[in-house]
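Below is one structure, written out as structure tokens, with a few remarks after it.
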Amino acid sequence: MGRRFEELDWRPTPMGDLVLRRRWDPVFRADVHEIKLGEDFLMSSLFTVAEEEMARLALGEPERGPMDVAVGGLGLGFTAEAVLDQPGVASLVVVEALGEVIEWHERGLIPAGARLTADPRCRFVHGDFFAMSGSEDGVDPQEPGRRFHAVLVDIDHSPRHLLDESHAGFYEAEGLRRLSRLLHPGGVFALWSNDPPEARFSAVLGEVFAEVRAEVVAFPNPLQERDAANTVYLATAHSA
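Just so it is clear: in the sequence shown, position 143 is 143 by full-length UniProt numbering, and no numbers are missing.
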């Protein structure tokens, strides 16, 4: 059992105070790591099922390889770890807007950091994923214009509940068309959402991608004594 509450780091940012904390949860009887930005909880280690399932859904059905993968949003590293667990993953680029979060992983303040920084397939990129995905150079500064077999995004709470209004254009057809240029023909775009499936967003995805579906991922929530659910949107790019 760790301390009941410990603030591991605090940083001021243009988007609000960024806090990494660890606390003991008596219900789960485990240490819980949390990242908070202003009044928003960005990530908690309590509930990670949907983030991990997103990687399996995007990369594991059917098994393919070798695959180059990009992830938008590092957080506590659960999505990135789940990607590396999938067979056939050859490389992973993780784009994170907050340099402090990358530093926490590199310093070992976040449990996943040790594995992610030690895996030669994984590389962190400090940058705005939304701006980079819409640019000609793309999301890998070392290889401008690089394409990927899959791009997974876990940044905003949902296509409607955004951390910053500047992200809104990404979820419209033109933003998604720019994103699709990052994918090889037949590549997969996956998006995590905290909200139920939205018909409007699925329709917008359908304007850009060949195949679209929304998977509801349910998991037990002992804190509320009921199941909770997240959504994973999956969209397959047109073949050449």
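A virtual CB, placed ideally from N, CA and C, is assigned to each residue, including glycine.
Please read these numbers as outputs of a predicted model, since none were measured by experiment.
Query	Result
Identified DSSP bridge partners for W104	Answer is none; W104 lacks a bridge partner.
Of the residues R226, A229, N230 and V212, the one placed nearest H238, counting alpha carbons only	V212
Cβ pair E215, L57 closer than 8 Å	yes
Entirely enclosed alpha helix (DSSP H) segments - the stretch 123–201, minimum 4 residues	129–133 and 173–180
L59 versus W104 - alpha carbon distance	27 Å
Any C-beta of chain B under 8 Å from that of Q86	Absent from the structure is chain B; it holds one protein chain and no more.
W10 to V204 span [Cα, whole Å]	38 Å
Integer-rounded CB distance, given that T236 should sit under 8 Å from G186	6 Å
Residues near R64 by beta carbon distance below 8 Å, same chain, minus five either side	G88 and H149
Residue environment, A118, which counts as buried when at least 16 other CB atoms sit within 10 Å	exposed
Nearest residue (CA-CA) to G77, options S45, A90 and Q86	S45
N-terminal and C-terminal residue of the alpha helix (DSSP H) that V32 is part of	That residue, V32, is in no alpha helix (DSSP H); its beta strand (DSSP E) goes A30 to L37.
Buried or exposed (CB count within 10 angstroms, at least 16 for buried), F170	buried
Same chain only: Cβ atoms within 7 Å of E108, ignoring 5 sequence neighbours per side	Going by the sequence as given, residue 108 is Gly instead of Glu. For G108, where only same-chain residues beyond five positions count, the Cβ hits under 7 Å are A114.
Separation of A229 from residue 241, as counted between CA atoms	There is no way to answer for residue 241, as the model of the chain reaches only from 1 to 240.
A168 beta carbon less than 8 Å from that of G127	no
Residues of its chain near L179, where Cβ-Cβ distance is below 6 Å and the 5 sequence neighbours each way are ignored	S133
Cβ-Cβ distance between V49 and V69 below 8 Å	no
Beta carbon of V93 nearer than 8 Å to that of D140	yes
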